[in-house]
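Undergrad: Chains as they are written, first to last, in my numbering: chain A, 210 to 462; chain B, 210 to 462; chain C, 210 to 462; chain D, 210 to 462; chain E, 210 to 462; chain F, 210 to 462; chain G, 210 to 462; chain H, 210 to 462. Glycine included, each C-beta is placed from N, C-alpha and C at the ideal position. This one's a predicted model, so the numbers in the text were calculated from it and none came from an experiment. I am attaching a structure below and will ask some questions about it afterwards.
There are 8 protein chains.
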Amino acid sequence: MEESRLRALLGALQEGEVTLEETLQQLRALPFEELGFATLDHHRGLRQGFPEVIYCEGKTPEQTAQIAERLAARSNTLLGTRATLAHFEAARERLPDLQWHAGARALWLEREPGPKKPGIVVVCAGTSDLPVAEEAALTATLMGHEVQCFHDIGVAGLHRLLHRLPALQAATVIVAVAGMEGALPSVLAGLVAVPVIAVPTSVGYGASFGGLAALLAMLNACASGVAVVNIDNGFGAGYMAAMINGKSGAGGA
Amino acid sequence: MEESRLRALLGALQEGEVTLEETLQQLRALPFEELGFATLDHHRGLRQGFPEVIYCEGKTPEQTAQIAERLAARSNTLLGTRATLAHFEAARERLPDLQWHAGARALWLEREPGPKKPGIVVVCAGTSDLPVAEEAALTATLMGHEVQCFHDIGVAGLHRLLHRLPALQAATVIVAVAGMEGALPSVLAGLVAVPVIAVPTSVGYGASFGGLAALLAMLNACASGVAVVNIDNGFGAGYMAAMINGKSGAGGA
Amino acid sequence: MEESRLRALLGALQEGEVTLEETLQQLRALPFEELGFATLDHHRGLRQGFPEVIYCEGKTPEQTAQIAERLAARSNTLLGTRATLAHFEAARERLPDLQWHAGARALWLEREPGPKKPGIVVVCAGTSDLPVAEEAALTATLMGHEVQCFHDIGVAGLHRLLHRLPALQAATVIVAVAGMEGALPSVLAGLVAVPVIAVPTSVGYGASFGGLAALLAMLNACASGVAVVNIDNGFGAGYMAAMINGKSGAGGA
Amino acid sequence: MEESRLRALLGALQEGEVTLEETLQQLRALPFEELGFATLDHHRGLRQGFPEVIYCEGKTPEQTAQIAERLAARSNTLLGTRATLAHFEAARERLPDLQWHAGARALWLEREPGPKKPGIVVVCAGTSDLPVAEEAALTATLMGHEVQCFHDIGVAGLHRLLHRLPALQAATVIVAVAGMEGALPSVLAGLVAVPVIAVPTSVGYGASFGGLAALLAMLNACASGVAVVNIDNGFGAGYMAAMINGKSGAGGA
Amino acid sequence: MEESRLRALLGALQEGEVTLEETLQQLRALPFEELGFATLDHHRGLRQGFPEVIYCEGKTPEQTAQIAERLAARSNTLLGTRATLAHFEAARERLPDLQWHAGARALWLEREPGPKKPGIVVVCAGTSDLPVAEEAALTATLMGHEVQCFHDIGVAGLHRLLHRLPALQAATVIVAVAGMEGALPSVLAGLVAVPVIAVPTSVGYGASFGGLAALLAMLNACASGVAVVNIDNGFGAGYMAAMINGKSGAGGA
Amino acid sequence: MEESRLRALLGALQEGEVTLEETLQQLRALPFEELGFATLDHHRGLRQGFPEVIYCEGKTPEQTAQIAERLAARSNTLLGTRATLAHFEAARERLPDLQWHAGARALWLEREPGPKKPGIVVVCAGTSDLPVAEEAALTATLMGHEVQCFHDIGVAGLHRLLHRLPALQAATVIVAVAGMEGALPSVLAGLVAVPVIAVPTSVGYGASFGGLAALLAMLNACASGVAVVNIDNGFGAGYMAAMINGKSGAGGA
Amino acid sequence: MEESRLRALLGALQEGEVTLEETLQQLRALPFEELGFATLDHHRGLRQGFPEVIYCEGKTPEQTAQIAERLAARSNTLLGTRATLAHFEAARERLPDLQWHAGARALWLEREPGPKKPGIVVVCAGTSDLPVAEEAALTATLMGHEVQCFHDIGVAGLHRLLHRLPALQAATVIVAVAGMEGALPSVLAGLVAVPVIAVPTSVGYGASFGGLAALLAMLNACASGVAVVNIDNGFGAGYMAAMINGKSGAGGA
Amino acid sequence: MEESRLRALLGALQEGEVTLEETLQQLRALPFEELGFATLDHHRGLRQGFPEVIYCEGKTPEQTAQIAERLAARSNTLLGTRATLAHFEAARERLPDLQWHAGARALWLEREPGPKKPGIVVVCAGTSDLPVAEEAALTATLMGHEVQCFHDIGVAGLHRLLHRLPALQAATVIVAVAGMEGALPSVLAGLVAVPVIAVPTSVGYGASFGGLAALLAMLNACASGVAVVNIDNGFGAGYMAAMINGKSGAGGA
């Protein structure tokens, strides 16, 4: 639309219908976003494979279904996080091939799955942290990555963690999910030379203050190579991991 | 500079040296900020009369002096907040006409003061809140406004506040500065039909937690017509008041 | 009642039944609120067009209905915020012309709408912030202002915001509603020379701590010309914007 | 029981069956609480008129009923706070003369009401603060005091407060209940020479953080003569006021 | 001045120069603060015996000295809190009879001490709490009360507290000063039937967070009859105690 | 399994099928957890008597039942905390001898109870703290200890606490459970020479902030010999007490 | 003194000068603390070996010296924590045999050291945590225990911790000192069957918030067998460990 | 050392001097860290190029100098953060080729700089954030990366940020440093498809609460692809960026 306006202007200049000064004048007067897309589009093009994600919490099933349908019309991949079964069922009526991931509490669609790039490992400290870990894994998978998961390897039973060291050391990036005291990323980052995306969870009670304890602990990790996302933000961690792995050289080695 | 690049491109199109498609291609490839200034400049032009303010805290006297000199070369008005006498003295060596406002802890310059627009009243609750109030008043003054000040009219001595009601009710906008329990904006907004910019101060001790008590109180003001700026941020309040008063009809009525 | 007492006193002075000193003595002894209304009424008169607002949360539908009926008997305009459908339905039984605004969760009435004064723009960062934005817009509208709304122009998609720059720069006052990291007011205030009323929302999770993250961000906005109201307080922001716009010169220019 | 042991010991000393040293030895060995009640009883005697209060929250109706029955067997006065109708109904089955105070959410009994001592005034800022204010008033009433109540005299409408000044200045002690920004006690204490017990309430939203804003404001009251109880603690404020008024000279003058 | 205006008006009415209606009209138009002092003065008169207190922190010695001199010209009693020796010495140059209380960090003057009313007891938990306790005691003393002090009777050595029970039970009001876990007021209020003004201090480290731990503990005291002032606010507690004791019947009984 | 691999390797060395260097090489290459169990097993052996505890909150009844069945197959003792009746009933279908402890909200099993070691005392301040106290007592009992309980001995009624001093002084370790101001551990530790494990509870309202007040108070206990566990963490306190008592010499004396 | 009063009373009973009832009456009237010492003394007797500790922070060198001298007159052991060299030097003038422990920032004296009981291990995560660890070790040593110390074994270099496992597993009680994310106690408690006293330190910056991050992490330790003391409270941890080890059977086994 | 013990054991098995069972027995008894290094060493080998970093804060110049000397004996690269000039000068006496980076407040050494890998961009919002940004840049540089820096491109002047878009979009990883409201990472991540490591700084005042406002804002970034490190932790961000860039394919493309 905006492009046609621009074409017409330049055509008129070419045809001598407007002077150079007039053209310049009009170019200046155009709201810059009309030209700005030149830059912005390039950026959005890079993201093309992964459209806007639906954050379902606070949306009605019907609203979710409408958005899902609209997005699926433009993309082969779809992700809705923090969804309930009701969200899923409403959306599936419009998108019969829609999938439900109970663990990650997500609805998703991947119509033309391509090859997945290995390199991401997702670990979590306890079984209560699983939903967050699975949200991270699903996100990265839909973004084109192969994700290896190790569950229930918290620091209270260190041998379970040490048992997985070879696989952890071979990763390109690790997502470490933990609630309570949130010590897993610190211990992990001390054992591997791999960037660790730490996800605090709200698992815990009393002085965990909804995940604050784990969040602060992860921000203060004494080992280097740790960065932190929001409490319970499995999606954000999976997204970040996918971006890092996407930049990596072949094979995550 | 960038404009010349654009001119050359359009000239080439005019001359038939490039095709319309090529021109479009190059326009897209131009970083948008090169054209974007068309819009942005208009905006900065509006602000012309009031250049960037120097936040002196954390800067050395010498750094401050250099910045002040550079700014004063382009503008007749200058403001440096959170300054010490050392900052001032270093800057005055380069700008002999620089002024010092001890109360507001500010260095300033106004080479061609124009007429001031009335409408702003600054009140403060206690004498300890004075520096913040004076910073607000000085800021608004330098931005072209006439500021009326009432000091020490806290809610513990209500009659002092009531005594000033006529002037307060005649204002276009009021800046209310208070520490401790920060009740002044609530009381004030209940008495006048004028927007109140509330400034919590860090005056107080113990459970004032550096101004947090006053900040929360002001955010929770039961009276309508109150908005809040950061703790001790006299500059921000004065700036906001000046913007509101600048938009007002004649005489603040 | 009190006036009659005063009349009697002055009549007695006139008639010589009491001395001037005795009259003075009695005037002093009168509780000042008996005379004070002279001043206070003037103030309330200014507000006449907009009666007390009903904050419905925590009130029963029946209580709300009674208050609404009483207020509507004295005023042509009515606003009840944080209402549920039950509040509305109970009140509509008494006020058949009562309106319901689902988006703003408000019940309202405007029997004799006058001309609206342009100048207010309400923007919000995400669709989840809509209820708060609509409460702001409805409030300002009922107070006599024309409100222009731009939704879903958060900083994560900057081009959407830049697209609206001309309208934003033409406003007299902007209400900017945002949750999560609350960056919208900062970015906005850097682009326009218009006072920005920032409204943090409780949209977000984890370390948003019920809107605290957005609140703190807005209080610390690095751009000048921002003042903040309470979390989710769309009413307060709309009220403040209406006061500022009400003071403005014609056309918001 | 313990007294009988003591009697036996002293009897044996009297009869020469034990020596003075042996008696002293045994007295020392007695756990001191066995004698200590001498002092403690005096204290509890002072409180006799007001037995243990039942905090109903977290108790089942049946538990509450049992405790109420047991207490009412020993006392003519009974108070159960934070009660629901279910608590009341269960307890009334055992105590047919039990009363229900809907406003204060309390169950109570006063079988032989004596004369009430005047001197206590309870004020509250908004109608939402009423339950807390009524809990305070009921508590003080059951402890033998006459309580005068003024509701809805918040600082946003100062004239309503000023209207009540004579009654407020004549009190022995004032309980001031307020949520939101909690400014009422500050304003009040600046107008009267009477001790003010401030009760912050959880009324408010967003940055009121469950009453924290009001609590901090009251602790930082710039006026002297204010002390604070816990958020929503009407009972505690009424109890404190009753203790102060109980110590006062005749008539609260 | 204002009185003369009023006199003139009433004289004119008396003389028939103005009508009763005109007089009424003009009375209404007078800013109410001009008559309002009638009420307010009565209030200030009640306070006469204890003039404004100088909060020296943040004032220069010279400023303090000037204020002290001005206050001492109108009153026989003077109190300056949070003072340093420098404050005192500057003020003593103007007021040679000024006193220095090193423990309370206060400068004071009591030119015509009258009889003191007994009834106040000040206790503190540890020797580090002494300055706050002494500020409370000095304040109450200057307000006309006899204060009994018990130091270092914290709950960790309960026998020291129990040893003072008779004196504590005989008081009209107790000021209890404690830092760290702030348990003293709870324990005390469980042992006596006397109102307790609790003062948290910033004594402690780590998780005392500048007195927050003690403050929260005191607000949550499980015993009834406790109200709290700001952290380290000995002055406020002494003032409150003096107000309560001033209202009490003879002898604190 | 891993042991058999190790045996085969060593057998091959013994038989001369591999060289010493090859064996060493392979030993190095074995993931260390395969040998590490040598050390870890010893540790887990010490814990054998008390298998993993089921934290039921957030688990479905069916999940809980499955875990309980699996654990009970390997151990004679079983504990599930934070359980509901639904959890219990689902699990009892698989484990008919499973027990339900309503007070501690726990499901448990102890098929071959051995002799219990005396030395642990659990005290709590109020009846609302009982569930946490009972969880502590049940945990320690199942770990092989005899637990003596004293309920409702809060500091507001000190004589109840003093009455229990002899039993308290004879303990090896005391678990002290308290909400509100959390003063019990301080008072207790000042009276006995026994380590005190303090458990803050979320009992309280307003400024107790979900147990934060009690937690901070206990961390700041002015008496020595106190250590603190998480809010409401009766299990953790009982476990810690059992470990301490398990190390103690005979009879807790 | 009080004993003589008691003796006289009992003598009079013996002599028939008072009746049994009169004696009983007088016994009741005696303030209980006069007899109470019988119980309390027994308690203090248990503590005899370790007198009151001097918390030097906030005391002048002279005050410290006086207290030290007075305590040393009654005891062979002395400990002053949070001391400076100035405190030490002032005290040594009165106590020439006083010792200085630079690492623990403590002054101490142990005139007749007896045999030390083994069983306590103190570990710390980083060298910056050393002062707190040494305060813990010195405290326990002076209380009669042999303390083994392992420094700099934080979780970022897990092999250093694992290297010390045999010694850690053989302990009766472990004091674990850590700042930053405070993960050490969690990891440790998962590896040993020994009670762990966790000490958070204020080491760290930014979001460690003066040790809050470590404190919360330790309170939320996912491993059982951890209890926590105040931030930087090495003395408290050493004291607690000494009490636990003091109760233990021979050899810490 | 330990290897020799193992060799001897296996040799004895080979020679038939011990049985297979005895060998197995002894292997079990070996502390696992003696074998565990096989795995751990491999890990440390990966890190060889970048030795332990010296955190100078809280260390004396002499301590710093000793550690620096020891580390420099084993490595060609050295980094000491949070250093003062005094730290540097003490260390330079032992290491004459030591360098000082005033901006980053760091001492460093890179004896054999190799080729640097491009891909990292460090941006900061204001000049006050420079020290943190420079610490990040220096860290990544010493780890073998080429770092491009853009300073003072905060969101209040969006055009400065947009101007740098091409370079930002070409990066492999971006470190974004900002104080105050911390909006830069959100805005940035919305414009580029590159992982962003966000560093909140303590720049700001009042309600920035030492960087908390920026920290929370960054954790709640509405744009995907952001992870956060501790407040002011330039080192941690530089380290994380280096790890990510180190994994990347050639040229950061």
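1) For residue 414 of chain E, write down the residues that DSSP places opposite it in a beta bridge.
2) By Cβ distance, which residues of its chain are closer than 7 Å to residue 296 of chain G, with the 5 residues on each side in sequence left out?
3) Are the C-beta atoms of residue 464 of chain G and some chain F residue less than 8 Å apart?
4) In chain order, which beta strand (DSSP E) runs of at least 3 residues are fully inside the region 382-461 of chain C?
5) Between residue 454 of chain G and residue 326 of chain G, is the Cβ-Cβ spacing less than 8 Å?
6) If I'm right that residue 341 of chain F touches residue 386 of chain F with Cβ under 8 Å, what's the distance once you round it to whole angstroms?
7) What residue range is occupied by the uninterrupted beta strand (DSSP E) comprising residue 286 of chain G?
8) Give a yes or no on whether the minimum CB-CB distance between residue 352 of chain D and chain E is below 8 Å.
9) Determine, for residue 254 of chain C, whether the minimum Cβ-Cβ distance to residues of chain H falls below 8 Å.
10) Would you call residue 217 of chain H buried or exposed, if buried means 16 or more other Cβ atoms sit within 10 Å of its Cβ?
11) Could you confirm whether any beta carbon from chain D is found closer than 8 Å to the beta carbon of residue 448 of chain F?
12) Is DSSP giving residue 225 of chain F helix, strand or coil here?
13) How should residue 300 of chain A be labelled, buried or exposed, when 16 other C-beta atoms within 10 angstroms of its C-beta is the threshold for buried?
14) Alpha carbon to alpha carbon, what distance is there between residue 424 of chain C and residue 257 of chain C?
15) Whole angstroms are fine: how far does the CA of residue 382 of chain E sit from the CA of residue 398 of chain E?
16) Report all residues from its chain with a CB closer than 7 Å to the CB of residue 338 of chain A; omit the five preceding and five following residues, and keep chain order.
17) Alpha carbon to alpha carbon, what distance is there between residue 445 of chain E and residue 376 of chain G?
18) Are the CB atoms of residue 263 of chain C and residue 281 of chain C nearer to each other than 8 Å?
19) Taking the CB atoms as reference points, tell me whether residue 359 of chain G and residue 396 of chain G lie closer together than 8 Å.
20) When the Cα atoms are used, what is the spatial distance from residue 458 of chain G to residue 457 of chain F?
21) Would you kindly report the start and end of the unbroken alpha helix (DSSP H) that includes residue 341 of chain B?
22) I'd like the span of the beta strand (DSSP E) that includes residue 315 of chain H, first residue to last.
23) Exposed or buried, which one is residue 231 of chain F when buried takes at least 16 other CB atoms within 10 Å?
24) Using a cut-off of 8 Å between C-beta atoms, extract the partners of residue 453 of chain F located in chain G.
25) How far does the alpha helix (DSSP H) with residue 276 of chain G in it extend, from its first residue to its last?
TA: Taking the definition as stated:
1) Residue 414 of chain E pairs with nothing; no bridge assigned.
2) 265, 270, 273, 289 and 316
3) Lying outside 210 to 462, the shown extent of chain G, residue 464 of chain G is not represented and no answer is given.
4) 382-387, 405-409 and 435-437
5) By the CB criterion at 8 Å, residue 454 of chain G and residue 326 of chain G fall inside the cutoff.
6) 5 Å
7) 286-290
8) Among the CB atoms of chain E, none fall inside 8 Å of the CB of residue 352 of chain D.
9) Summary for residue 254 of chain C: the model assigns pLDDT 33, below 50, so the residue's position carries little reliability; its value from the coordinates is reported in the next sentence. Judged by the 8 Å Cβ criterion, residue 254 of chain C is not in contact with chain H.
10) exposed
11) no
12) In the structure shown, residue 225 of chain F falls within a coil segment according to DSSP collapsed to helix, strand and coil.
13) buried
14) Only weak support exists for where residue 257 of chain C lies, its pLDDT of 35 falling under 50; the coordinates are left without a value.
15) 11 Å
16) Excluding its 5 nearest sequence neighbours in each direction, residue 338 of chain A has C-beta neighbours in its own chain below 7 Å: 386, 387, 388, 410 and 412, listed in chain order.
17) 55 Å
18) Not closer than 8 Å, so no.
19) no
20) 5 Å
21) First-last of the alpha helix (DSSP H) with residue 341 of chain B: 339-351.
22) For residue 315 of chain H, the enclosing beta strand (DSSP E) covers residues 315-319.
23) exposed
24) 382, 404, 453 and 456
25) 270-283
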